[in-house]
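Structure first, then comments.
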Amino acid sequence: MAPIAKESRKASGVYGVKTIAVESKRLGGTCVNLRPKKVTFNAAAIAEAIHDSKAYGFSVETTAPFDWSYFKNKRDAYIKRLNGIYERNLSNDKVEYIHGRASLTGKNEAEITLDDGTKQTIKAKKILLAVGGHPTIPKGIEGAEHGLNSDGFFDIEKQPKKVALVGAGYIAVEFAGMFNALGTETHLFIRHDKFLRSFDPMIQEAITNEYERLGVKLHKNSPSFSSKIEKNEKTGKLTLHYGDGSGTLEDVDELIWAIGRSPEVEGLGLEKAGVKQNERGQIIADEYQNTNVESIFSLGDVVGKVELTPVAIAAGRKLADRLFEVGSIGLTEPEAIERYGKENIKTYNTSFTAMYYSMMEPEDKGPTKYKLVVKGPEEKVVGLHIFGIG
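For my numbering, count along the sequence shown from 1 and bump the result up by 390.
Here it is, written out as structure tokens:
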């Protein structure tokens, strides 16, 4: 159950409405249970600081060895504590919590399969569907099952010496940055020549160049592993055949698919309740979270594109406090041109080296870039995009 669902149910409990929350996984949804990503970022940021510290007079020669197992155990314990806090908060808010899998059997009824396999039926005047989504694994690629989905990143017990990631969105990019900072040989496969394609071109180019400078091995214009993925059963290592079959990457410890997420609707019983979905399988809901069924509401990652896109863009562009500082608000330059016309759009660009890098050698310095997108003779600001430290 995601935080947005938790807040809805919490409010219902506060208003005196009898409320039942059903969750088949861990409380907190993607936000809380993927908080390990933020914790892992902290570890990677410390590794980067150690790397940079020599320029400031510290006698620190190396970040190795990084104790991955110790770190993972502490990180897992932290998330377990958060799950417990969520459960206690539900109890404090007079919300009944059931751990199981719910499936609609009508517009005011659902059947819950409990952990022990028994079933119970609940009736409700109002039903909220906030089931989120799950990472997508590609189809039609021989051996694709040997890779992990993006959630599986947090189950890796031992630090891989060599990792391959597939995807060009912010999840793949963040994972690649963290692996690289912690000392893993990192390969990132992207469909085009740049990643983060929903961002402004300045951000795309700057981060792509910075990743290459820092040693991330980018495999550009790789739409898929068109041949196959082989696993050595003795060593557990993978061999990836990609591109047109001529490209090969051997001795890969972990392959991670980060190519998007699909709505968590399988077995939800939407057809029994008459709830409509779009062509991607997402539940269709309006700006007030109403579905086409009067008693059923939906929000979060499971809803259709009208609701999902603003949230996804906001989450995707808010890469502040990541390995490579990015801030983005408003329209990208291409979006502004499409909306207002090229003749009405002007951009202001600047690039400089932040004071943080003043003590470092030229090859260790990264750029800071600003881009302002304005429209019309009054030059109203419609977009701001920032990359880098300072």
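Where is the CB? At the ideal position from N, CA and C, for every residue including glycine.
List the whole-angstrom C-beta distance separating residue i from residue j, where the pair is believed to meet the contact cut-off of C-beta under 8 Å.
i	j	result
Leu578	Leu555	5 Å
Val692	Gln679	Not really, about 11 Å apart at Cβ, beyond 8 Å.
His524	Glu654	5 Å
Glu438	Ala571	5 Å
Gly664	Lys497	7 Å
Pro607	Thr574	The question names Pro, but residue 607 is Lys in the sequence shown. That pair is no contact at about 11 Å.
Ile440	Val450	5 Å
Gly557	Ala648	3 Å
Ser718	Ile593	6 Å
Ile619	Gly533	3 Å
Thr503	Gly490	6 Å
Lys761	Asn739	5 Å
Thr409	Glu486	7 Å
Glu715	Gly778	6 Å
Leu494	Gly605	Incorrect: roughly 50 Å between the Cβ atoms, too far for contact.
Run through DSSP, which three-state label would residue i get?
i	result
Leu572	coil
Ala411	strand
Ser685	coil
Ala492	strand
Leu608	strand
Ala554	strand
Gly633	strand
Leu586	coil
Gln667	strand
Gly720	strand
Leu518	strand
Pro767	coil
Lys428	helix
Met450	According to the sequence shown, residue 450 is Val rather than Met. Here Val450 sits in coil by DSSP.
Ile475	helix
Gly658	Reading off the sequence, residue 658 comes out as Leu, not Gly. In this structure, Leu658 counts as coil in the three-state DSSP scheme.
Ile619	strand
Glu547	coil
Glu532	strand
Asn599	helix
Ile593	helix
Ile674	coil
In the DSSP assignment, what residue or residues form a beta bridge with residue i?
i	result
Lys761	Asn739, His775
Phe579	Val556, His609
Lys509	Thr503
Lys462	Bridge partners of Lys462: none, in fact.
Glu644	Val553
Val485	Thr409
His524	Ser652
Thr638	His631
Asn539	Trp647
Asn498	Asn498 pairs with nothing; no bridge assigned.
Asn734	Beta-bridge pairing links Asn734 to no other residue.
Val563	Paired residues: none, contrary to the question.
Val693	Ile673
Buried or exposed: where does residue i fall if 16 or more other Cβ atoms within 10 Å of its Cβ makes it buried?
i	result
Gly507	exposed
Val771	exposed
Lys765	buried
Gln510	exposed
Val563	buried
Met745	exposed
Ala434	buried
Lys584	buried
Ala467	exposed
Ser481	exposed
Ser459	exposed
Glu644	buried
Phe742	exposed
His582	exposed
Phe448	exposed
Asp590	buried
Gly470	Looking at the sequence itself, residue 470 is Lys, so the reference to Gly does not match. When all chains shown are included, Lys470 counts as exposed.
Thr383	For residue 383 there is no data in the structure shown, the boundaries of the chain being 391 and 780.
Tyr475	Note that residue 475 is Ile in the sequence shown, not Tyr. Ile475 comes out exposed.
Tyr632	buried
Met391	Residue placement at Met391 cannot be trusted, given a pLDDT of 45 that sits under 50; what the coordinates show is reported in the next sentence. It counts as buried.
Arg465	buried
Arg651	buried
Thr625	exposed
Tyr446	exposed
Determine, using beta carbons only, whether residue i comes closer than 8 Å to chain C.
i	result
Lys408	Of the protein chains in the structure, only one exists, and it is not chain C.
message = Within 8 Å, do at least three Cβ pairs link the stretch 717-725 to the stretch 746-758?
response = Contact between the stretch 746-758 and the stretch 717-725 is absent: fewer than three C-beta pairs spanning the two stretches fall below 8 Å.
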